[in-house]
């Protein structure tokens with residue numbers, strides 16, 4: 342992750358970047374990534390199953406059956422009470 346960020350790409354693709362980490366390490370890495378993304382104007386695409394890694398994203402796209410089923414901010418998708426909201430609820434339980 343650090344090497345990719347140091348290269349300062351215009352587009353940064355993170356595919357399950359924190360999936361091998363325990364929850365505490367993931368939180369530390371995610372906080373660092375949030376700071377880097379906020380301070381550098383770049384497009385960052387995050388592919389994730391852990392919803393905590395995408396909660397602060399400007400736009401979340403939910404893919405179902407190979408197609409975008411929903412898109413919006415975390416709060417907009419929660420309010421919609423669709424697939425994303427059900428995933429968040431399941432993850433919380």
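In this note's numbering, the protein residues as written are 342 to 434.
Ideal placement from N, C-alpha and C gives every residue a C-beta, glycine not left out.
Quick caveat, the model's predicted, so the values are computed rather than measured.
Which of the three DSSP states, helix, strand or coil, is assigned to residue 395? Reading the chain shown from its first residue, position 54 is the one you call residue 395. DSSP, read as helix, strand or coil, puts residue 395 in coil.
Residue 413 beta carbon less than 8 angstroms from that of residue 400: Counting from 1 along the chain shown, the entry for residue 400 is found at position 59. Counting from 1 along the chain shown, the entry for residue 413 is found at position 72. Yes, the Cβ-Cβ distance between residue 400 and residue 413 is below 8 angstroms.
Whole angstroms is fine: what's the gap from residue 380's alpha carbon to residue 388's? On the chain shown, residue 380 is found 39 positions in, with the first residue counted as 1. On the chain shown, residue 388 is found 47 positions in, with the first residue counted as 1. Approximately 21 angstroms, taken between the alpha carbons.
Using DSSP bridges, identify the partner residues of residue 413. Within the chain shown, numbered from 1, the residue matching residue 413 stands at position 72. DSSP, once it has assigned bridges, lists 401 as partnering residue 413.
Nearest by alpha-carbon distance to residue 342: which of 423, 352, 358 is it? Position 1 of the chain shown holds residue 342. Comparing Cα-Cα distances from residue 342 to each of 423, 352, 358, the minimum goes to 358.
Assuming residue 353 and residue 345 form a contact by the criterion Cβ under 8 angstroms, report the distance between their Cβ atoms to the nearest whole angstrom. Against the chain shown, residue 353 aligns to sequence position 12. Against the chain shown, residue 345 aligns to sequence position 4. Yes, residue 353 and residue 345 are in contact; Cβ-Cβ is about 6 angstroms, under 8 angstroms.
Residue 416, buried or exposed, once every other Cβ within 10 Å from all chains shown has been counted against 16: Numbered from 1 along the chain shown, position 75 holds the residue referred to as residue 416. By the neighbour-count rule (16 or more Cβ atoms within 10 Å), residue 416 is not buried but exposed.
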